[in-house]
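Numbering of the sequence shown is given in my numbering, commencing with residue 318 and proceeding in unit increments. We put the beta carbon where it would ideally sit given N, CA and C, even for glycine. Quick caveat: nothing in here was measured; it's all calculated off a predicted structure. Read the structure below first, then the notes.
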Amino acid sequence: MTNEIELDDVDRRVQEFAKGCLDALTPERRAECEVLSVLDEGMRLRPAEDDPDVVELLWGGAVIGVTTWAWLNTGETPEGGA
(Lines of atoms letter the chains of each structure in order from A; the text may use other names.)
(Lines give C-alpha, C1' and ligand atoms only; values in the text may rest on other atoms or scores of the structure.)
Protein backbone atom coordinates (compact mmCIF):
# COMPACT_ATOMS: atom_id res chain seq x y z
CA MET A 318 0.00 0.00 0.00
CA THR A 319 2.86 2.41 0.74
CA ASN A 320 4.20 2.05 -2.79
CA GLU A 321 0.81 3.08 -4.18
CA ILE A 322 0.82 6.23 -2.07
CA GLU A 323 4.35 7.10 -3.16
CA LEU A 324 3.47 6.45 -6.80
CA ASP A 325 0.41 8.68 -6.45
CA ASP A 326 2.66 11.46 -5.14
CA VAL A 327 5.07 11.01 -8.06
CA ASP A 328 2.17 10.98 -10.53
CA ARG A 329 0.86 14.22 -9.01
CA ARG A 330 4.27 15.90 -9.28
CA VAL A 331 4.65 14.77 -12.91
CA GLN A 332 1.21 16.21 -13.67
CA GLU A 333 2.08 19.50 -11.93
CA PHE A 334 5.37 19.69 -13.82
CA ALA A 335 3.73 18.98 -17.19
CA LYS A 336 0.95 21.51 -16.55
CA GLY A 337 3.46 24.20 -15.62
CA CYS A 338 5.51 23.50 -18.74
CA LEU A 339 2.43 23.62 -20.98
CA ASP A 340 1.21 26.84 -19.34
CA ALA A 341 4.60 28.44 -20.02
CA LEU A 342 4.49 27.75 -23.77
CA THR A 343 3.53 30.52 -26.13
CA PRO A 344 0.34 29.82 -28.09
CA GLU A 345 2.42 29.43 -31.26
CA ARG A 346 4.83 26.94 -29.66
CA ARG A 347 1.96 24.99 -28.12
CA ALA A 348 0.23 24.73 -31.51
CA GLU A 349 3.48 23.55 -33.09
CA CYS A 350 3.97 20.87 -30.42
CA GLU A 351 0.36 19.72 -30.79
CA VAL A 352 0.89 19.16 -34.52
CA LEU A 353 4.24 17.43 -34.03
CA SER A 354 2.92 15.24 -31.22
CA VAL A 355 0.73 13.43 -33.74
CA LEU A 356 3.87 12.26 -35.51
CA ASP A 357 5.87 11.65 -32.33
CA GLU A 358 5.31 9.51 -29.23
CA GLY A 359 3.40 12.29 -27.48
CA MET A 360 4.53 13.63 -24.13
CA ARG A 361 7.22 11.73 -22.23
CA LEU A 362 10.05 12.07 -19.76
CA ARG A 363 13.68 11.19 -20.49
CA PRO A 364 16.99 11.53 -18.69
CA ALA A 365 19.05 14.53 -19.77
CA GLU A 366 22.05 13.47 -21.84
CA ASP A 367 24.51 15.76 -20.05
CA ASP A 368 23.27 15.42 -16.45
CA PRO A 369 21.98 12.17 -14.93
CA ASP A 370 20.20 14.09 -12.13
CA VAL A 371 18.01 16.00 -14.61
CA VAL A 372 14.88 14.86 -16.41
CA GLU A 373 13.49 16.49 -19.55
CA LEU A 374 9.83 16.68 -20.54
CA LEU A 375 9.41 16.18 -24.28
CA TRP A 376 6.34 16.89 -26.34
CA GLY A 377 6.23 16.73 -30.07
CA GLY A 378 9.93 15.85 -30.04
CA ALA A 379 10.87 19.13 -28.32
CA VAL A 380 12.08 19.67 -24.77
CA ILE A 381 9.46 21.86 -23.11
CA GLY A 382 10.73 21.63 -19.53
CA VAL A 383 13.41 20.28 -17.22
CA THR A 384 13.44 19.32 -13.56
CA THR A 385 15.32 16.90 -11.33
CA TRP A 386 14.62 13.25 -10.67
CA ALA A 387 14.91 14.08 -6.96
CA TRP A 388 12.02 16.54 -7.13
CA LEU A 389 9.84 14.14 -9.14
CA ASN A 390 10.51 11.33 -6.69
CA THR A 391 10.41 13.20 -3.38
CA GLY A 392 9.07 16.68 -4.01
CA GLU A 393 12.18 18.11 -2.36
CA THR A 394 14.44 20.65 -4.04
CA PRO A 395 18.13 19.63 -3.95
CA GLU A 396 20.50 21.79 -1.90
CA GLY A 397 21.41 24.94 -3.78
CA GLY A 398 18.43 24.53 -6.12
CA ALA A 399 15.58 26.92 -6.64
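Beta bridge counterpart(s) of residue i as assigned by DSSP
i: Thr384; result: Val372
i: Arg363; result: Glu373
i: Ala379; result: Trp376
Beta-carbon contacts of residue i that lie in its chain and below 6 angstroms, excluding the five residues immediately before and after
i: Phe334; result: Thr384
i: Gly382; result: Cys338 and Leu374
Assigned exposure category for residue i - 16 Cβ within 10 Å defines buried
i: Val380; result: exposed
Euclidean distance between Cα positions of residue i and residue j
i: Asp326; j: Glu358; result: 24 angstroms
i: Met360; j: Glu393; result: 24 angstroms
i: Glu349; j: Gly337; result: 17 angstroms
i: Val371; j: Thr343; result: 24 angstroms
i: Asp368; j: Trp386; result: 11 angstroms
Same chain, Cβ closer than 8 angstroms to residue i, five either side skipped, listed in chain order
i: Thr331; result: The question names Thr, yet the displayed sequence has Val at residue 331. Correct list, in chain order: Leu362 and Leu389.
i: Asp340; result: none
Cut-off 7 angstroms between Cβ atoms - residues of its own chain near residue i, not counting five sequence neighbours on either side
i: Pro364; result: Val372
Heavy atom of the ligand NAD within 6 angstroms of residue i beta-carbon
i: Ser354; result: Of ligands this structure carries none, so the ligand NAD is not represented either.
(message) With three or more beta-carbon pairs closer than 8 angstroms as the criterion, would you say the region 374-394 touches the region 336-355?
(response) yes
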